[in-house]
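Student:
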Amino acid sequence: MEMAEEDNSGEEYPNEIHDYLSAFEKSLGSVDDMLKTMMSVSRSELLEKLDPLEQAKLDLVSAYTLNSMFWVYLATQGINPKDHPVKQELERIRTYMNRVKEITDKKMASKLDKGAAARFVRNALWEPKPETNPKVKASAKAKKKKTN
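1343 is the number of the first residue of the sequence shown in our numbering; add one for each residue after it.
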């Protein structure tokens, strides 16, 4: 029975990498499912539903994914992807992704309410009360006489 299982598995590989290969196969299945979902809707329909910033994000993620998959393909063919122009393309896309993130962060940043800030500062600062109590005036005059 064990012999038959080995014949069905195809090529032999070390048991240590079995978990890695299983995880890789599962990831490929997830990518395949996502691609099927994306391909089921026409690009023009998808872009109609998104604002320009979301469209840019979609384009960047698509380009990055495609180039990453090509990176993996090169690695499986024994070509060092670090020496291939795909590395520069990935860096270029990453730069644009960072720009989009900065724009998104600026949009999400809270705006300063100058009026509220001025009221907060004014109320937070201590101001001495004007002297209206006669006892306070008398004690202040007494202190002045003692210091003179």
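Every residue, glycine too, gets a C-beta built ideally from N, C-alpha and C.
Give the DSSP-derived three-state secondary structure of residue 1419 in the structure shown.
Tutor: Taking the sequence shown and counting its residues from 1, the one referred to as residue 1419 is at position 77. DSSP places residue 1419 in coil when its eight states are reduced to three.
Student: For residue 1359, is the classification buried or exposed, using 16 other Cβ atoms within 10 angstroms of its Cβ as the cut-off for buried?
Tutor: Here residue 1359 refers to the residue found at position 17 of the sequence shown. Per the 10 Å Cβ criterion, exposed.
Student: Going by other Cβ atoms of all chains shown within 10 Å of its Cβ, with 16 needed for buried, is residue 1421 buried or exposed?
Tutor: By one-based count along the sequence shown, residue 1421 stands at place 79. Flag for residue 1421 reads exposed.
Student: Do three or more CB pairs link the segment 1421-1436 to the segment 1391-1401 at distances below 8 Å?
Tutor: Contact fails: fewer than three Cβ-Cβ distances are below 8 Å.
Student: Name the residue from 1459, 1419, 1432, 1361 whose alpha carbon lies nearest to the alpha carbon of residue 1404.
Tutor: Residue 1404 sits at position 62 when you count from the first residue of the sequence shown. Comparing Cα positions, the closest option is 1432.
Student: For residue 1435, count neighbouring Cβ atoms within 10 angstroms of its own Cβ and tell me buried if that reaches 16, exposed if not.
Tutor: To locate residue 1435, count along the sequence shown from 1; it is residue 93. The residue in question, residue 1435, is buried, as its Cβ has 16 or more Cβ neighbours within 10 Å.
Student: Straight-line CA distance for residue 1451 to residue 1354?
Tutor: Along the sequence shown, read from residue 1 onward, the residue named residue 1451 stands at position 109. Along the sequence shown, read from residue 1 onward, the residue named residue 1354 stands at position 12. Going by the C-alpha atoms only, they are around 55 Å apart.
Student: Mind reading off the beta-carbon distance from residue 1442 to residue 1402? Whole number of angstroms is fine, and I expect it under 8 Å.
Tutor: Counting from one through the sequence shown, the residue named residue 1442 turns up at place 100. Counting from one through the sequence shown, the residue named residue 1402 turns up at place 60. 6 Å between Cβ atoms; contact.
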